[in-house]
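Undergrad: Numbering (this note's numbering), first residue to last: 93 to 287. Have a look at this one before I ask anything.
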Amino acid sequence: EDFFFSFLADFYIEDEQLYDMANKGKYFIDNGEYKNAIKQLQKVVKRNPQLVFARNNLALAYFCNGEIDNAVEATEDILYDFPLNVHAICNMAIFLTRRGEKDRAEEYIKSLDNISCTNGEDVQKVAVTFCELKRHKEAYKYLKLLLQYKPYDIRILHYVAVAAFNIKRYNEALSYWGKIEKISPNNTISSYYRR
Numbered sequence: 093e094d095f096f097f098s099f100l101a102d103f104y105i106e107d108e109q110l111y112d113m114a115n116k117g118k119y120f121i122d123n124g125e126y127k128n129a130i131k132q133l134q135k136v137v138k139r140n141p142q143l144v145f146a147r148n149n150l151a152l153a154y155f156c157n158g159e160i161d162n163a164v165e166a167t168e169d170i171l172y173d174f175p176l177n178v179h180a181i182c183n184m185a186i187f188l189t190r191r192g193e194k195d196r197a198e199e200y201i202k203s204l205d206n207i208s209c210t211n212g213e214d215v216q217k218v219a220v221t222f223c224e225l226k227r228h229k230e231a232y233k234y235l236k237l238l239l240q241y242k243p244y245d246i247r248i249l250h251y252v253a254v255a256a257f258n259i260k261r262y263n264e265a266l267s268y269w270g271k272i273e274k275i276s277p278n279n280t281i282s283s284y285y286r287r
C-alpha cells in the first residue's frame, strides 16, 4: 500500500514539474525569448508528448523564431495524433498563410466551422486566429461568442469593437468602446478609438 501511494506521489510530482516547465516555456514566448522557449518546451515534449498544449506552444515558439518549416512540421505531428485539436488547426492556418500556402491554409480555416469549440479558451484561439488572418467577419462572430465567457474583459471588448468597426458596424463598435469606458473610466485606448 505504501509503495502504491509512493508511486502515485512520484507520478504527480513529475506531472507538476512538467506543467511548471511548460508554463515557463509559455512565459518565454510571452516575453519574446523564443530560443529559450524552444529549449524549454522541447524538454517537456520529449518527456511527455501527450501534453498537447506544450507541443502547440513549441510550434508557436518555432514560428515566432522564424522557423516556419519546423512550426508546420510540429503542428502536422500534433494533428496526426489529435486531428481535432483547435489550437493546432488555428496555428496551421496562420503558419501556412505566412508561408504563402493560401489554398492549404484555407482548408484548415474551413475546418474551424465544423469543429465545436467547447470552452472559452478554444473560442478565444479561433477568434484571435481570424483577427490575425484579417478575416474580420469571422473574428466578429467568435469574439461575440467569447463575450459570453468573458463579458467584462476589456481586451475582448476592444477586439469586438475593432472587428465591428472593420465590418462597418460603427455604432456597435462605439457601444463596445463605451462599455470599456464604463468598466475602466480612465482607459485611454477606448477613448482614443471612440474619437
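Heads up, the beta-carbon is just placed ideally off N, CA and C, and yes, glycines get one too.
Where do the N-terminal and C-terminal ends of the alpha helix (DSSP H) with residue 155 fall, by residue?
TA: Start and end: 144–156.
Undergrad: Rounded to whole angstroms, what is the Cα-Cα separation between residue 194 and residue 122?
TA: Distance between the alpha carbons of residue 194 and residue 122: 27 Å.
Undergrad: Which one of 196, 158, 156 has the shortest CA to CA distance from residue 168?
TA: For the residues 196, 158, 156, the minimum Cα distance to residue 168 belongs to 196.
Undergrad: Taking residue 148 as the reference, which of 269, 113, 180, 205 has the closest Cα?
TA: Closest option to residue 148, Cα to Cα, is 180.
Undergrad: With the cut-off set at 7 Å, would you say residue 251 and residue 212 are in Cβ contact?
TA: No; because the gap between Cβ atoms is not below 7 Å, this pair is not in contact.
Undergrad: By the DSSP assignment, the alpha helix (DSSP H) with residue 203 in it spans what residues?
TA: Element bounds for residue 203: 194–204.
Undergrad: Excluding the 5 residues preceding and the 5 following residue 140 in the sequence, name in chain order all residues of the same chain whose CB lies nearer than 7 Å to its CB.
TA: 110, listed in sequence order.
Undergrad: With C-beta atoms as the reference, is residue 254 less than 7 Å away from residue 217?
TA: Contact flag unset, no.
Undergrad: Within the same chain, show all residues whose beta-carbon is closer than 6 Å to that of residue 201, passing over the 5 residues directly before and after it, in chain order.
TA: Answer for residue 201: 185, listed in chain order.
Undergrad: Can you check which of these residues, 120, 206, 145, 273, is closest to residue 173 by C-alpha distance?
TA: Considering only alpha carbons, the answer is 145.
Undergrad: Report yes if the C-beta distance between residue 249 and residue 281 is below 7 Å; otherwise report no.
TA: Against a cut-off of 7 Å, the Cβ pair of residue 281 and residue 249 comes out as no contact.
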